[in-house]
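Chains as they are written, first to last, in my numbering: chain U, 1 to 343; chain V, 1001 to 1343; chain X, 2001 to 2343.
The beta-carbon is built from N, C-alpha and C at its ideal position, and this holds for glycine as well.
All values derive from a computational prediction rather than experimental measurement.
First the structure, in the form of structure tokens, and then the observations on it.
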């Protein structure tokens, strides 16, 4: 139990209203008396009035908080994040040390204070950085480098020659460095193109569960600093994903596509290969990206177009059944005019 | 080998025609002499005549069975299911007991007659119910509760605080309780929103292979009783999926979406976040659900619309190239009329 | 370091120009001095001039190679593949022999020179062929047959009764033989249809990471010789995929669909169930295949149509907003004509 004042002193922001006691945190729709909640998007302003929360974190721009005690913050979502951590300190998921059943290959070096779980297998000539945790069932092939403070959840597979930076988080079942999909057809069958490149994952990247990132055919597939990938995403060989780009679940990126910095990509988007996506671009969910996208442009639809244009086309398409009737009617009126003329 | 009479006495239904000997079961297209098959959908009635099956399970509504011996049943598919079980009693996949290589954390209690396979890792303070089976490579984090008669296939990962009911089946490689995808942007980078909620899976749920279900940010992600999920599905943080809803492969559900009871969802459907889908609604394959759906409504397309409306729009769209010609022609006829008028 | 002559003597093809020294291989956009690269698609001809590569493998049909030393080959991609292997001989991923922690069930026989990694679990009554490798964390249920020279990467799960041919490659996290998705609704709930069929994978098949292939309800799901499947693909129960068909990532194939030989399928394609796709057909990325496809036909869009027709419809759709204006204008002109007539 903390008072609103105690909370604000730890996370920042200005208090307004009574210094109430706070027992927990909750989403605005679900908050009960004793909870603190937050409002980031003015779109949900109506919830402020309806909410049973005892206090609320709001942006400075909102005037009417219905008399509720609140913390005013420049970035309420970020402030709320810190409040969640106050009430829920991180739980320990794994004991420190190397479990006796873990297998560590020849020539591999482990950093200080690592946590290596049961039945983890690490190949030869790898390095694992300080304070990095590998949960049970993680398999790491030979010649892999993993930085400091990484956390790999259970049943993750890291293929040979992969390089992970610092503070990389990889969720359960994800595969890094699987072979790219490349075959040459000759003599009536496909022959595998050796996939001899590798994957580089820079600092502060987080990758969801059961995602797959293929190694390069030659050279590298690179996931740049601060990128956040959701679950069940496919990244093909030789792609690069620029700094601080975020990609929602089930999106697929074909080979040799280069995505810029700060790009926001919805779920189930598909990218054809060999494309260039500019910095700060955005893709609506389920888009099919068949051409390069200029920096800062928002596209949607399949094949994708600038979002406003796509909206206009979709609006027009919705009127099509009606339009068919209009045209039939116009045709009749023209026929009538033509008939009268002939008389 | 069983006679038709013996089969009917065990699974119910009324026999018509000769009491033939049955050696096996098969789909109607593939059935050979000696097989019993079934017809559930009158659409496939033509197969009855063509089929080499020696007997067939049919609904009461079908009159002409081409003189084939048959079992009449109210629900032929359900009756056939029971016949399959007669010919194929379940095979034992795992030996009873706890394999000596399984690791069970402190404070964890195992029920009666469990089957815990090699290299299974169970965390601390968990409970595993009676007769539950965990196949090799299953990893369960701390504070997980698993009910009775559950079956978790190999390489499944269950994250901390997850609750599974009774008779839950989870196929290989699936991940339950992975972190929700939530980040706050501040000071030029994304900061992880702690995902401190959990996942609740109720009784009689079955979840396919390599599916991912994220834990809630706060509170719970809930999969209700009797839900059936196929392979490679993504369920994001804070979703609820109502009783007896079925979802086909590769569908993705964004955060805080609430799906009602008895909803039928095709493959590769995408749901935007924060939506409400009414009981008994249905979504065609590859739909993009960007708005709430009313109970009982069937939608399709992306963005999705009521199915009939979408059919009309698609039919009109297919006529578009032709329509362009018609309009060009009308324009010329108007021009001609205008020209004549001027004369 | 090899000379161009030495390379050509090993991989075939005719040298043109100076016998330069080659240090490595690279893609044409990334090649530096000392590298050999290739050009397969005349579309990228402009890169030949720009490339810093010291030599280039080109088809016989290209005349102007900008004076660069080259190897002329009938199939440059295939020749390049062999050159990559010269510079990058395969790395050994696993030690020969059976790791002492591997568990091999009763009645299972292992071939000559197998490599079975740590914590591999093989069920009862299986066979594993000569020189086959199973990476750490692979789990194989009972009654599975695996041919010679197969390579199963880490955390792959193979369910009971699966049959793998020779030279089959399966990437990390993939699941073969998971239960098909079939339920009969009766008495207010779904009942599981027992999935008692199995999966057959023929020779020379390669399957990507985190892909799922369901066992048949009855009979078999069959992946024929030489098929190449990418990552995160779903193949449902009772499908067959014909010889030398290639399927890109995240495609989903519903139950009982039969795909012919030499079919090329893009990423994120969805197939409804019970369809027949002819030999040599092709599907554009993100297509939705709701009907049979004739042999040799290229389709695209959702619902899919012959590609040319779809291109025409899409081109017309893009003109729709403009068309609405035209129609409004035509209507006014007709109105004017009608008005004048009345005067």
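*Say whether chain X places a C-beta atom closer than 9 Å to the C-beta of residue 142 of chain U.*
Yes, contact with chain X.
*Just how far apart, CA to CA, sit residue 1038 of chain V and residue 1058 of chain V?*
6 Å
_Within a Cβ cutoff of 6 Å, which residues of the same chain sit near residue 50 of chain U, ignoring the five residues on either side of it in sequence?_
none
*Just the C-alpha distance for residue 1983 of chain X and residue 2296 of chain X, rounded to the nearest angstrom, thanks.*
In the structure displayed, chain X extends from 2001 to 2343; residue 1983 of chain X sits before or after that span and is not available.
*For residue 168 of chain U, does the three-state DSSP call read helix, strand or coil?*
In the three-state reduction of the DSSP assignment, residue 168 of chain U falls in the coil class, being assigned neither a helical nor a strand state.
*Going by other Cβ atoms of all chains shown within 10 Å of its Cβ, with 16 needed for buried, is residue 2132 of chain X buried or exposed?*
buried
*Does the beta carbon of residue 98 of chain U sit closer than 9 Å to a beta carbon anywhere in chain X?*
no
*Closer than 8 Å, Cβ to any Cβ of chain X: which residues of the segment 40–51 of chain U, in chain order?*
none
*Just reading off the beta strand (DSSP E) that residue 1201 of chain V is part of, what are its end residues?*
1198–1201
*Of all the residues that make up the segment 2328–2339 of chain X, which are near chain U by a beta-carbon distance shorter than 7 Å?*
2330, 2331, 2334, 2337, 2338
*asked:* Rounded to the nearest angstrom, what separates residue 1235 of chain V and residue 1268 of chain V at their Cα positions?
replied: 13 Å
*On the DSSP bridge assignment, give the partners of residue 1157 of chain V in chain order.*
V/1139, V/1175
*Enclosing beta strand (DSSP E) for residue 80 of chain U [first to last residue]*: Residue 80 of chain U -> not in any beta strand (DSSP E); alpha helix (DSSP H) instead, spanning 76–87.
*Do residue 2142 of chain X and residue 2125 of chain X have their C-beta atoms within less than 9 Å of each other?*
yes
*Report the option in V/1201, V/1119, V/1184 whose CA atom is closest to the CA atom of residue 1193 of chain V.*
V/1184
*asked:* Considering Cα atoms alone, identify which of U/149, U/73, U/136 is closest to residue 129 of chain U.
replied: U/149
*the segment 169–200 of chain U: positions lying closer than 7 Å to chain V by Cβ*: 171, 172, 173
*Mind checking who residue 2059 of chain X pairs with in its DSSP beta bridge?*
X/2073
*List the whole-angstrom C-beta distance separating residue 15 of chain U from residue 36 of chain U, where the pair is believed to meet the contact cut-off of C-beta under 8 Å.*
Not really, about 12 Å apart at Cβ, beyond 8 Å.
*Does the segment 2075–2086 of chain X touch the segment 1086–1099 of chain V, meaning 3 or more C-beta pairs lie closer than 8 Å?*
no
_Cα-Cα separation, residue 266 of chain U to residue 1023 of chain V_ = 52 Å
*Would you call residue 1021 of chain V buried or exposed, if buried means 16 or more other Cβ atoms sit within 10 Å of its Cβ?*
exposed
*Measure the alpha-carbon distance for residue 2106 of chain X versus residue 1134 of chain V and round it to whole angstroms.*
20 Å
*For residue 5 of chain U and residue 2289 of chain X, the rounded distance between their alpha carbons*: In a straight line, the C-alpha of residue 2289 of chain X is about 60 Å away from that of residue 5 of chain U.
_C-beta atoms of residue 1250 of chain V and residue 1217 of chain V nearer than 9 Å_ = no
_Sub-9 Å separation of residue 246 of chain U and residue 223 of chain U beta-carbons_ = no
_Residue-chain proximity (residue 317 of chain U, chain V), Cβ-Cβ < 9 Å_ = yes
_Please list, in chain order, the chain V residues whose beta carbon lies closer than 7 Å to that of residue 242 of chain U._
Going along chain V, no residue has its Cβ under 7 Å from residue 242 of chain U, so there is no contact; the nearest lies around 13 Å.
*asked:* If you measure between the beta carbons of residue 1027 of chain V and residue 2238 of chain X, is that distance less than 9 Å?
replied: Cβ atoms of residue 1027 of chain V and residue 2238 of chain X: closer than 9 Å.
*Counting Cβ pairs closer than 8 Å, one from the segment 110–123 of chain U and one from the segment 66–79 of chain U, do we hit at least three?*
Using a Cβ-Cβ distance cut-off of 8 Å, the segment 110–123 of chain U and the segment 66–79 of chain U are not in contact, since fewer than three pairs of beta carbons, one from each stretch, lie closer than that value.
*If you draw a straight line from the C-alpha of residue 1338 of chain V to the C-alpha of residue 2317 of chain X, how long is it?*
29 Å
*Starting from residue 308 of chain U, trace the alpha helix (DSSP H) both ways and give me its first and last residue.*
For residue 308 of chain U, the enclosing alpha helix (DSSP H) begins and ends at 307–318.
_If the criterion is Cβ atoms closer than 9 Å, does the pair residue 2163 of chain X and residue 2145 of chain X meet it?_
yes
*Contact set between the segment 2026–2037 of chain X and chain V, restricted to residues whose Cβ is under 7 Å from the partner*: none
*Quick one: is residue 1133 of chain V near chain X, going by C-beta distance under 9 Å?*
No, no contact with chain X.
*Spell out whether any CB of chain U is found under 9 Å from the CB atom of residue 1230 of chain V.*
no
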